[in-house]
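**Student:**
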Amino acid sequence: MGLQFKEEEFFACCESTKFGKEMAKASPFSSLDEAVTAAREIWFNQVDVNAWLQAFSAHPQIGHSSSSSNATSAQWSKGEQATAFATATNSSLQELSEWNAKYRQKFGFVFLICASGKSTDGILTELKKRYPNRPIAEFEIAAQEQMKITELRLAKLFSTKENVTSTCNKNPTLAKKVEEDRVSVIGAHLTAASDASSVKKSQAPPRTRPPITSHVLDVSRGSPGAGIEVCLEMWKGPQPRPMFGESDAGGWVFQGSSTTDNDGRSGQLMSIADAVNPGIYRINFNTGKYCPGGFFPYVSIVFEIRESQKWEHFHVPLLLSPFSFTTYRGS
1 MGLQFKEEEF
11 FACCESTKFG
21 KEMAKASPFS
31 SLDEAVTAAR
41 EIWFNQVDVN
51 AWLQAFSAHP
61 QIGHSSSSSN
71 ATSAQWSKGE
81 QATAFATATN
91 SSLQELSEWN
101 AKYRQKFGFV
111 FLICASGKST
121 DGILTELKKR
131 YPNRPIAEFE
141 IAAQEQMKIT
151 ELRLAKLFST
161 KENVTSTCNK
171 NPTLAKKVEE
181 DRVSVIGAHL
191 TAASDASSVK
201 KSQAPPRTRP
211 PITSHVLDVS
221 RGSPGAGIEV
231 CLEMWKGPQP
241 RPMFGESDAG
251 GWVFQGSSTT
261 DNDGRSGQLM
271 SIADAVNPGI
281 YRINFNTGKY
291 CPGGFFPYVS
301 IVFEIRESQK
311 WEHFHVPLLL
321 SPFSFTTYRG
331 S
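Note that the UniProt record's numbering has the sequence shown beginning at 1, numbered continuously upward.
Structure (structure tokens):
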């Protein structure tokens, strides 16, 4: 039997209404690790830009107390900023406030960082480092930081469940072991991508969607990129891999195509299969047709799937504006 949680409990972990609803639907979870995996899938692949911005807006400015109407979220936020408050001086708080204001004016949302264990000076250094970023890149970083915060809060949520607490109260040694296990799980997620390559076929759940998907977000409009033609190809050229500066004519083989839906999702680019064929793939986006006045007539993203990764899911989101774009590997 897994642990069942309510929508409002997940909302305390990440104050996005859509995120809370989807996590509640996915519940119960047999373990914290399973919940974290589901949370990353929902946050990066299922919710939209508005959900991200809603979650961002719920966070207080670093150095300030939370004004969230969710008491649990406000309490956790206070604890996450404990080190920052403990190491703050009047001058550092003033400088942090000034830089926070500059950041919000440039990017349109609060500076977001997983503040747990970070000093005021360390946070200020990171803020200054990120401030020169392009808005489209900073938007992605903020979403990654939100996920780190969510993972930490999910660990706290799991630790409050009575069936865990009651068992541990009877055995202090077990209680310590459980807490160490939770810290270990979260630490692994925060310091590196999950090592999905080690998952054996017997451990991998059956796929419910194609192994390669994409999602386009139009940051300039603050909405999904709907109606964009997307094409997936695989490298089958005479050389083992395409080389920079060399002609690749005839080397790419069509795998499938679709048009992004109203949520910006790519749809059925290939058939659903438990294992994806290892190799080099290319996703092409017809951005020129979508935004005729933009800088890019089309955008191509090339990536490699290795033998050890064939059971993974590859989600390649595109953050788009008329004159720039960025991408990252989703879960």
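In this text, a Cβ means the ideal position worked out from N, Cα and C, and glycines have one as well.
According to DSSP, is residue 19 part of a helix, a strand, or is it coil?
**Tutor:** It is helical.
**Student:** Does the beta-carbon of residue 218 have 16 or more other beta-carbons within 10 angstroms, so that it is buried, or is it exposed?
**Tutor:** Under this definition residue 218 is a buried residue.
**Student:** Rank 15, 212 and 40 by C-alpha distance to the C-alpha of residue 280 and give the top, closest one.
**Tutor:** Closest by alpha carbon: 212.
**Student:** Buried or exposed for residue 174, please, with buried defined as at least 16 other CB atoms from any protein chain shown within 10 angstroms of its CB.
**Tutor:** Residue placement at residue 174 is poorly supported in this model, since its pLDDT is 44, which falls under 50; the coordinates still yield a value, given next. Label assigned to residue 174: exposed.
**Student:** Indicate whether the contact test is met: 3 or more Cβ pairs, each with one atom in the region 276-293 and one in the region 93-112, closer than 8 Å.
**Tutor:** As far as the Cβ criterion goes, the region 276-293 does not touch the region 93-112, which means the pair count is below three.
**Student:** How would you label residue 179, buried or exposed, when you count the other beta carbons within 10 angstroms and need 16 or more for buried?
**Tutor:** Note that residue 179 scores 46 on pLDDT, short of 50, meaning its location in the model is unreliable; the coordinates nonetheless yield the value given after this. Residue 179 should be labelled exposed.
**Student:** Which word fits residue 210, buried or exposed, when buried means at least 16 other C-beta atoms lie within 10 angstroms of its C-beta?
**Tutor:** Answer is buried; the Cβ neighbour count reaches 16.
**Student:** Helix, strand or coil for residue 308, going by three-state DSSP, please let me know.
**Tutor:** DSSP places residue 308 in helix when its eight states are reduced to three.
**Student:** Quick one: any contact between the region 47-57 and the region 73-91, if contact means 3 or more CB pairs under 8 Å?
**Tutor:** With the cut-off at 8 Å, the region 47-57 and the region 73-91 do not touch.
**Student:** Could you tell me the alpha carbon to alpha carbon distance between residue 264 and residue 318, rounded to whole angstroms?
**Tutor:** Straight-line Cα distance between these residues: approximately 10 Å.
**Student:** Buried or exposed for residue 77, going by 16 or more other Cβ atoms inside 10 Å?
**Tutor:** Classification for residue 77: buried.
**Student:** Roughly how far, in whole angstroms, is the beta-carbon of residue 15 from the beta-carbon of residue 70, given that I think they are within contact range, below 8 Å?
**Tutor:** About 7 Å; that satisfies the 8 Å criterion.
**Student:** Apply the 10 Å Cβ neighbour rule to residue 9 and answer buried if 16 or more other Cβ atoms are within range, or exposed otherwise.
**Tutor:** Label assigned to residue 9: buried.
**Student:** Any idea what DSSP makes of residue 243, helix, strand or coil?
**Tutor:** Of the three classes helix, strand and coil, the one that applies to residue 243 here is coil, per DSSP.
**Student:** Which residue wins for smallest C-alpha separation from residue 113, given the options 147, 305, 155 and 302?
**Tutor:** Of the listed residues, the one whose Cα sits closest to residue 113 is 147.
**Student:** Rounded to whole angstroms, what's the CA-CA distance from residue 316 to residue 92? Just pull it up for me.
**Tutor:** Cα-Cα distance, rounded: 39 Å.
**Student:** Which residue or residues does DSSP assign as beta-bridge partners of residue 213?
**Tutor:** Partner(s): 315.
**Student:** Given 8 Å as the limit, is there contact between the region 226-243 and the region 256-263, that is, 3 or more CB pairs closer than that?
**Tutor:** Contact between the region 226-243 and the region 256-263 is present, because at least three Cβ pairs lie under 8 Å.
**Student:** Considering Cα atoms alone, identify which of 73, 74 and 131 is closest to residue 98.
**Tutor:** Ranking the options by Cα distance to residue 98, first place goes to 131.
**Student:** Measuring straight from C-alpha to C-alpha, what distance separates residue 126 and residue 94?
**Tutor:** Straight-line Cα distance between these residues: approximately 16 Å.
**Student:** Could you give the DSSP three-state label for residue 283: helix, strand or coil?
**Tutor:** Three-state DSSP puts residue 283 in a strand.
**Student:** For residue 274, name the three-state secondary structure that DSSP assigns.
**Tutor:** It is coil, neither helix nor strand.
**Student:** Note down, in chain order, each residue of its chain lying with its Cβ closer than 8 Å to the Cβ of residue 22, except the 5 sequence neighbours on either side.
**Tutor:** Cβ neighbours of residue 22 beyond the five flanking positions: 42, 46 and 47.
**Student:** Looking at the strands, I want to know which residues DSSP matches up with residue 259.
**Tutor:** Partner(s): 229.
**Student:** Could you tell me which residues DSSP puts in a beta bridge with residue 253?
**Tutor:** In the DSSP output, where bridge partners are listed per residue, residue 253 has 234.
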